[in-house]
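To start, the structure under review is shown below, and the notes come after it.
Numbering (mature numbering (1 follows the signal peptide of the UniProt record, and there is no 0)), first residue to last: -30 to -1, 1 to 725.
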């Protein structure tokens, strides 16, 4: 079972958008990548020098201003920041694949404000006040050639490919290490190649590469492919030197940018004259996970920064778990002598099978429960089988453990009692208790219920922290509160559930973005009315009735109705076909919706056109009656270069009535951490959509057992959207059948493979 805790931490960046948006091109690069290890000769004595990559000012592996051809180890996650007089950079980088690096960046321009001139009194600005101009950018880098004895590491990359163009540019870089020195030589275009010290080599192939278009598509956020590798280019280079003093690395860089076209220069008249293209710097690594850096750039600019890092392929859990039971002979003679209540309690506390039912079928004991403790089902099965063996009579020759979720049965594991006892007692060489287990499709036999541990009523409280970075009103907006949740099972498969949100503290008083006057008046305000929904300190988040059904053979359904999320009420349903132990599934959902009235806990809008309460001359649209739904396919590729990934593609109708496709691509690392990106492409024009051009976002899902001292199958989810508009938005359903049926072919519940 997947339990997603309420931690929607908006703006914890995962930086994996390029894995989604450039699927076609990555497959080409992956196929042409050269593993030059086959041509390695004997290593020189210099190769014993330990080398560790470092982050540049913009985030990502590089020197200071310029990127190198290097890649960090797969799974490395970096948060870095750099500060100088003109810019403050805040970056998050993730090495998604061995050949793919991604970065998300916030840049605060120190000499410019969001609105108003630098010479104006910003305190008189009622909208953005004195908030500094903040730019959002996304970068990616692809490795073309892996370093060998003779060949350098060669990579190609794009900076700020989906932003507003402040720093957009492209590069090709080659890096080769000789002992303690790592040399880089590259060619850059766009922002990184502004000096124009090298004739664009592509210009000779076609005249279209000689000039770089000065305009951008849409309203920012679009991918301007037509600008790539065009216009002026520049040669850049440099090296890193790992000193004999292990924590210290020195850098020298020849910059390809002359800063004549930087945003503060063009927009604010700031003097950023480059006195020399040579930059020098140093990195001091004070721990395995942190370093400080300093550089002197342009001949007159001091830049300070720090890097914090971890690796999602190396994170491991340290638990203080309940002691497992030791296998012992049972003194129980008949099933009537079994203490069923005690066995059910132990199955929950020791093996993690919550609210277990215990049934008897001839010489078999059947346990049905929801696994809430262990991602590694082998641990759960061994503990559960040991408890059963100790509690049942010796003539019981088969234990069956059926895993379920929300009354839907998902998998069945058969345990041969005699084989299990032989393995547990090490009766043969290399004995494993898993030798006695077999997980398979459900057989669905009738059995007599001896104990039913299911509970009808449940209450819980969960904290919630919502954050947003880079808005015009304030760089950092937050809300901290509590969800109080309750559920009641009216029938075995019908649940009534609800939640109240209690706000504790926030700074949403600075959030004055209610109804934008940006020409998007014909777009229903399905998300941009958010500010109106968060005024009350106590508010009804959800109240719904859900009917789950399990038809067997991998077919599952849910029907639901009520107040489905904070902004929408409705009635709908979902069906999913998920064959056992397969790498694909397909589902469909449809919901009739009505937008909730923010002035009422239980009311909904009854008219499409609403009057702006702050300006009666203006109106806006809402969804008084509408529909939304998708046909969605789920696929986990089996190709090596896309190992441990999940692709979800949904086609249908979004909340605002726009038609299109939603693509979600995610990567799971050895620790179980999942990083993903999604994008919605619809028939809504960029003018109708507004700033951002289309909906896109990024997320990280972290297993709880990585950050707690107790094993858990739950996860914390953190999501970041560069900007929230009304196009390409989906309903935030309480349950998703793909998540609830995860045990059929585990994705969220995969065990850690960290050694």
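Where a beta carbon is used, it is the ideal one built from N, C-alpha and C, also for glycine.
Because the structure is a prediction, the values reported are computed rather than measured.
Can you list, in chain order, the residues of its chain with a C-beta nearer than 7 Å to that of residue i? Leave out the 5 residues immediately preceding and following it.
i	result
residue 282	45, 47, 639, 641, 643
residue 595	564
residue 440	76, 104, 106
residue 320	292, 294, 295, 353, 357
residue 101	83, 84, 442, 443, 444, 445
residue 198	128, 140
In its own chain, which residues sit with a C-beta less than 6 Å from the C-beta of residue i, not counting the 5 before and 5 after it?
i	result
residue 535	702
residue 231	164
residue 673	642, 685
residue 588	582
residue -10	Only weak support is given to the placement of residue -10: the predicted model assigns it a pLDDT of 32, under 50, and the value that follows is read from those uncertain coordinates. Cβ neighbours of residue -10 beyond the five flanking positions: none.
residue 253	24, 219, 261, 263
residue 716	none
residue 294	353
residue 371	337, 354, 383
residue 68	44
residue 706	none
residue 53	274
residue 539	533, 564, 566, 574
residue 373	341, 380, 381, 713
residue 12	Because residue 12 carries a pLDDT of 41, less than 50, the predicted location of this residue cannot be relied on, and the following value inherits that uncertainty. Contacts found: none.
residue 721	345, 346
residue 176	none
residue 568	502, 503
Near residue i, which residues of its chain fall below 8 Å by C-beta distance, leaving aside the five closest residues on each side in sequence?
i	result
residue -8	Low confidence applies here, because residue -8 scores a pLDDT of 35, under 50, leaving its location unreliable; read the following figure in that light. Contacts found: 635.
residue 6	For residue 6, the predicted model reports a pLDDT of 37, less than 50, meaning its position is unreliable and no value from the coordinates is stated.
Tell me whether the beta-carbon of residue i lies closer than 8 Å to the beta-carbon of residue j.
i	j	result
residue 145	residue 109	no
residue 679	residue 290	yes
residue 171	residue 56	no
residue 628	residue 698	yes
residue 451	residue 314	no
residue 712	residue 719	yes
residue 81	residue 238	yes
residue 151	residue 224	no
residue 630	residue 619	no
residue 203	residue 159	yes
residue 526	residue 285	no
residue 398	residue 389	no
residue 495	residue 418	no
Need the endpoints of the beta strand (DSSP E) that residue i sits in, please.
i	result
residue 433	427 to 439
residue 236	Counting along the chain, residue 236 falls outside any beta strand (DSSP E), though it belongs to the alpha helix (DSSP H) covering 233 to 238.
residue 659	Where residue 659 is concerned, there is no enclosing beta strand (DSSP E), although the alpha helix (DSSP H) it sits in stretches over 656 to 659.
residue 27	That residue, residue 27, is in no beta strand (DSSP E); it is neither H nor E in DSSP.
residue 616	615 to 623
residue 349	It is not in any beta strand (DSSP E) - residue 349 instead sits in the alpha helix (DSSP H) that spans 347 to 361.
Can you give the beta carbon distance from residue i to residue j, rounded, assuming they're within the 8 Å contact cut?
i	j	result
residue 38	residue 32	5 Å
residue 147	residue 41	Wrong, their Cβ atoms sit about 13 Å apart, outside the cutoff.
residue 137	residue 107	6 Å
residue 386	residue 368	7 Å
residue 560	residue 615	Actually they do not touch by this definition, with Cβ atoms about 28 Å apart.
residue 531	residue 515	6 Å
residue 425	residue 325	6 Å
residue 305	residue 453	With 8 Å as the limit, residue 305 and residue 453 do not qualify as a contact, their Cβ atoms being about 42 Å apart.
Please indicate yes or no: does the CB of residue i lie closer than 7 Å to some heavy atom of the ligand ADP?
i	result
residue 568	Judged by which ligands are present, the structure shown has none, so any question about the ligand ADP falls away.
Need the endpoints of the alpha helix (DSSP H) that residue i sits in, please.
i	result
residue 249	Segment 248 to 255 is the beta strand (DSSP E) holding residue 249; no alpha helix (DSSP H) there.
residue 297	Counting along the chain, residue 297 falls outside any alpha helix (DSSP H), and DSSP gives it neither H nor E.
residue 140	No alpha helix (DSSP H) contains residue 140, which is instead part of the beta strand (DSSP E) from 139 to 148.
residue 33	Premise fails: residue 33 is in no alpha helix (DSSP H) and is neither H nor E.
residue 313	310 to 319
Is the stretch 552 to 564 in contact with the stretch 603 to 617, if contact means three or more CB pairs nearer than 8 Å? Judged by Cβ distances under 8 Å, the stretch 552 to 564 makes contact with the stretch 603 to 617, as three or more pairs qualify.
Given 8 Å, three or more beta-carbon pairs between the stretch 442 to 459 and the stretch 474 to 482: yes
Counting beta carbon pairs with one atom in the stretch 656 to 667 and one in the stretch 686 to 699, are three or more of them shorter than 8 Å? yes
Does the count of Cβ pairs from the stretch 349 to 358 and the stretch 454 to 464 closer than 8 Å reach three? no
Determine contact between the stretch 337 to 346 and the stretch 296 to 310, defined as no fewer than three beta-carbon pairs at a distance below 8 Å. no
Counting pairs of Cβ atoms below 8 Å between the stretch 284 to 304 and the stretch 353 to 367, do you hit three or more? yes
Quick check: the stretch 466 to 479 against the stretch 505 to 519, are at least 3 beta-carbon pairs closer than 8 Å? Yes: the two stretches touch, three or more of their Cβ pairs being nearer than 8 Å.
If you pair each beta-carbon of the stretch 434 to 441 with each one of the stretch 408 to 419, do three or more pairs fall below 8 Å? no
Does the stretch 324 to 337 come close enough to the stretch 267 to 278 to have 3 or more Cβ pairs within less than 8 Å? no
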